[in-house]
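Under our numbering, the first residue of the first sequence carries the number 91, and numbering increases by one thereafter.
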Amino acid sequence: MFGRICFSIDRRIPVSSTAEARSRAKQYDASAIEQKWQQAWEEAQLYRTPDESERPKWYAVTMYPYPSGDLHIGHWYAMVPSDAAARFKRMNGYNVLFPMGFDAFGLPAENAAIQRNIHPHSWTMANIENMRRQMRSMGTMFDWDREVITCLPDYYKWNQWLFLQFMKHDLAYQAKAPVWWCPQCQTVLANEQVIEGECERCHSEVSRRDLTQWFFRITNYAEELLDFTTIDWPDRVVTMQRNWIGRSEGARVTFRSEQDDPIEVFTTRPDTLWGATFMVLAPEHPLVEKLTTDSQREDVENYVAWARRQTEIQRTSTENDKTGVFIGAYAVNPVNDERIPIWIADYVLMGYGTGAIMAVPAHDQRDFEFAKQFDLSIRVVIKPEDEDLDAEMMTEAYPDEGVMVNSAHFDGTPTADGEAVSKVIEWLDEQERGRGEINYRFHDWLVSRQRYWGTPIPIVYCDACGTVPVPEEDLPVLLPEDAEFKPTGESPLKTHESFFNTTCPSCGAAATRETDTLDTFVDSSWYQYRYLNPHYEDGPVDPEKAAEWLPVDQYTGGIEHATMHLLYTRFFTKAMRDIGLLNIDEPFTRLYNQGIILGEDSEKMSKSRGNVVDPDELVDELGADLVRLYLMFIAPWDQGGPWNPRGIAGIDRFVRRVWSITDETADAAGDGDVDADVEQDLKKSLHKTIKVVGDDLGSFEFNTMVARLMEFINDLYQLRERGAVASPVWREALESLALMLAPSAPHLAEELWHRLGREFSIHQQAWPSYDEALTVEDTVELAVQINGKVRDRIETAIDAGEEAVVQQAMASERVQESVGDKQIRKVIYVPGRILNIVVG
RNA sequence: GCCGAAGUGGCGGAAUGGCAGACGCGUCGGUCUCAAAAACCGAUGGGCUUCGGCCCGUGUGGGUUCGACUCCCACCUUCGGCACCA
């Protein structure tokens, strides 16, 4: 079990060959010890978290997994350090809630159903069963009484209920809109799920479809979502969310066609309005059809068809030459009544702003390129302070600051500090030709999915009454279990008669149900609240529990959720607050993103690459505690990196050293005379270790935390040689060692604790305290530099005065040699750090 | 193209203005052993050395400072995000 581990390059097969190795295994049998304590903890319900407690609360959540079947090492990397941090908080006197659940709706279950003829429900529940077992084998302190499984009616009923509340509060609505369609997944996707024109999940190329879908009004909260002042989140995530929301300030201005159709544009540069020499509409713009003249119709239709065939990647590539066609119509510029031609071009996107722009080629590079391409006129309306611009001579647009020119009574207005922009907006507003506007890049959240395995949207369609919400008392709308799975591309709900056909809740006439289900990101938007009361029947969240526990103090998970889950859950929290269900503004006070463990080949782990590390195998061979410690030791937690099986040997050795020194000295500890210096050194090492290990655990620096414990063990071996075992402090040191290991190696720590004769359980003990005075050395080896180069080291008191230190340094032969007959120009002395004598 | 993070021995990494390389892997030497493994002890950035030491060294080039892996400027490389966003 515990012998030498030989890893070949592509197969990791442990070899515990010799008889000696097998006999040692009897001494520390990880598997027996771990199983014993897991069972004892469970029987004692050690990790059940009381709602009522004298202790201050600490609510820690790590992102729940999708029940794909097996925990992979990435799950361990996410959960193990979170668990250690939660345990550490518990030892520091907090009432810590650390729950776990399963993100159980989603496409893989449906694919498994089609491919292997297993019902999504049974497939999912069997996977959950297995993953729960694996998580237990990890030795985590999850409170399983609070488990949440999102595919059970107990949970998704409240998705439906929340959907109905969102409707009441005008936060959910149905609209026909161009939406992204994934042909592979046979469903629409939210904007966030489309990455470079591909489906986030299957990488198929997505296309646009006009469909009637359900949306959540996340854009209502755009401004509040841009405020991160009350939360302590990584800059990276904050920046990604800011970019995603994409706020820009500017003006909405109404141009008009010659037939007087209003054409709205959004611009961030209203100060350049007088330089608009043409307009460009997106090919999909609704007015294109109407405004195109007969002579241009054929060209326009060809272009629109061509643009539609372009993939999103081709269309948005900045490398492309500008393409477009004149539609034959003209618009009137509202600021100077000038007649300007209207073009369509694919560089104008229907999905941003109004889908139409005023083109100012002199001051916008894209418009400039377009004007050059099609020989359109260019007019300078912003001039640099100290030179003139000649439109004829320009080789690129001038987007910088300057002074307004050719702009009627605004001539001479400087553009710096937004002065020109705000003056023009003010004027547009007075003249009713436009108004100031803030535009956002992101859109409302599309939540409909044309899939079976999700929360049914609680809506009924009635010929007489229209779209009717299912009454709250009729919830949940149950997902039928006997649906037929055929790879038709149609939701099985459409062909399930007893689900599909129903009666109108309003008039009682025959009616049909909505067959779309909710995006699974709806489930994960509020699961952290359901943990508090997974079986509460009067609402999604018990207000008393919410007041007790919320907000979540620490959330941990992968960076890949920066703009989806983490934005949606912030929106949900604010929406639930406004509905009166919560009284917090933000779900997660602190956020931490762990890194990714790669395969041995430094590539992302995947079955097809064959570089996957199976945690079950590792636990069998090494025990959970070794895997836990190694994952923490491998690198800083936010960094991750390649899995190197050879490195485990160091952790193996460390654990064995901990084990044997405890085993060999526990009984003899404190039963003799000890040298006072040795005892003092033991105390110092102990107190210093307690301090730095605690500091590192508190700041998630798990790799150095393990290194500190290794240093401590090395110290103990040295001190043993010097007779330290005879000191009564020795026993304190062994007990503290066990306590310091408790967060990261819970089974080993528990076993040591008992072998030291202490009572069940170490996980109810407080973190050991330390004496600050013992953590600092009173003498120190001070480096003496001459002109910045170390020339000698002298032993000084930590708080020695400068004069005495210089005197001592100058007494050194080596220092004298370096100084020679040169004069001392300057002395820099940092007590305990350095003495630098500048000579010359 | 824009924004951000990172670049340190053979390898994972430590040190965030004060002795670069903690801790660990690997390697080498020693103790034990018939032998090997394990365990334990020691060495381990490079070059030179008269064995006292000396010089060089944290992606590259400059700068600030008594002193820079750390701060500033420019560049190179890698990774991540955004990208015709009006």
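Every residue gets a Cβ at the ideal spot worked out from N, C-alpha and C, and that includes glycine.
By the three-class DSSP mapping on this structure, what secondary structure does residue i have?
i: Trp166; result: helix
i: Asp322; result: strand
i: Phe345; result: strand
i: Thr309; result: helix
i: Glu634; result: helix
i: Lys916; result: strand
i: Gly524; result: strand
i: Thr383; result: coil
i: Gly508; result: helix
i: Gln117; result: coil
i: Leu301; result: strand
i: Phe368; result: strand
i: Lys473; result: strand
i: Glu110; result: For Glu110, the predicted structure reports a pLDDT of 35, less than 50, and the residue's modelled location is therefore unreliable. A value from the coordinates is still provided. Helix.
Look at the alpha carbon of residue i and the alpha carbon of residue j, and state the distance between them as a whole number of angstroms.
i: Leu776; j: Pro157; result: 43 Å
i: Arg332; j: Glu142; result: 39 Å
i: Glu903; j: Gln854; result: 57 Å
i: Phe589; j: Asp675; result: 38 Å
i: Gln205; j: Ala194; result: 19 Å
i: Gly730; j: Gly685; result: 4 Å
i: Leu615; j: Thr505; result: The question names Leu, but residue 615 in the sequence shown is Ser. Cα-Cα distance, rounded: 43 Å.
i: Asn426; j: Val415; result: 25 Å
i: Arg112; j: Asp119; result: With a pLDDT of 34 at Arg112, under the threshold of 50, the predicted position of this residue should be treated as unreliable, though the coordinate-derived value follows. Taking the straight line from one Cα to the other gives about 10 Å.
i: Arg429; j: Phe368; result: 9 Å
i: Thr320; j: Gly196; result: 33 Å
i: Asn281; j: Trp251; result: 25 Å
i: His209; j: Ala199; result: 8 Å
i: Leu864; j: Ile239; result: 50 Å
i: Val422; j: Met448; result: 11 Å
i: Glu871; j: Val782; result: 21 Å
i: His259; j: Pro155; result: 31 Å
i: Thr382; j: Phe345; result: 16 Å
i: Pro595; j: Val558; result: 7 Å
i: Pro561; j: Ala599; result: 15 Å
i: Glu509; j: Arg342; result: 18 Å
i: Val511; j: Glu339; result: 10 Å
Buried or exposed: which applies to residue i, given that a residue is buried once 16 or more other Cβ atoms fall within 10 Å of its Cβ?
i: Lys912; result: exposed
i: Leu712; result: buried
i: Ile918; result: exposed
i: Leu568; result: exposed
i: Asn207; result: exposed
i: Asp457; result: buried
i: Ile528; result: exposed
i: Ile914; result: exposed
i: Pro582; result: buried
i: Leu925; result: buried
i: Lys473; result: buried
i: Thr444; result: buried
i: Val880; result: exposed
i: Asn185; result: buried
i: Gln618; result: buried
i: Ala625; result: For clarity, residue 625 is His in the given sequence; the question names Ala instead. With fewer than 16 other Cβ atoms within 10 Å, it is exposed.
i: Thr485; result: exposed
i: Arg821; result: buried
Which residues share a DSSP beta bridge with residue i?
i: Leu608; result: Ser538
i: Asn220; result: According to DSSP, Asn220 bridges with nothing at all.
i: Ile208; result: In the DSSP output, where bridge partners are listed per residue, Ile208 has none listed.
i: Gly287; result: DSSP lists no partner for Gly287.
i: Ile686; result: Gly730
i: Arg798; result: Beta-bridge pairing links Arg798 to no other residue.
Just to confirm, are residue i and residue j a CB contact at a threshold of 8 Å?
i: Lys233; j: Thr152; result: The residue asked about is misnamed: residue 233 is Asp in this sequence, not Lys. Not a contact, by the Cβ cut-off of 8 Å.
i: Gly277; j: Arg523; result: Looking at the sequence shown, residue 277 is not Gly but Thr. Their beta carbons are not under 8 Å apart, which means Thr277 does not touch Arg523 by this criterion.
i: Ile687; j: Gly164; result: yes
i: Tyr720; j: Gly700; result: no
i: Ala487; j: Gln455; result: yes
i: Asn683; j: Asp609; result: no
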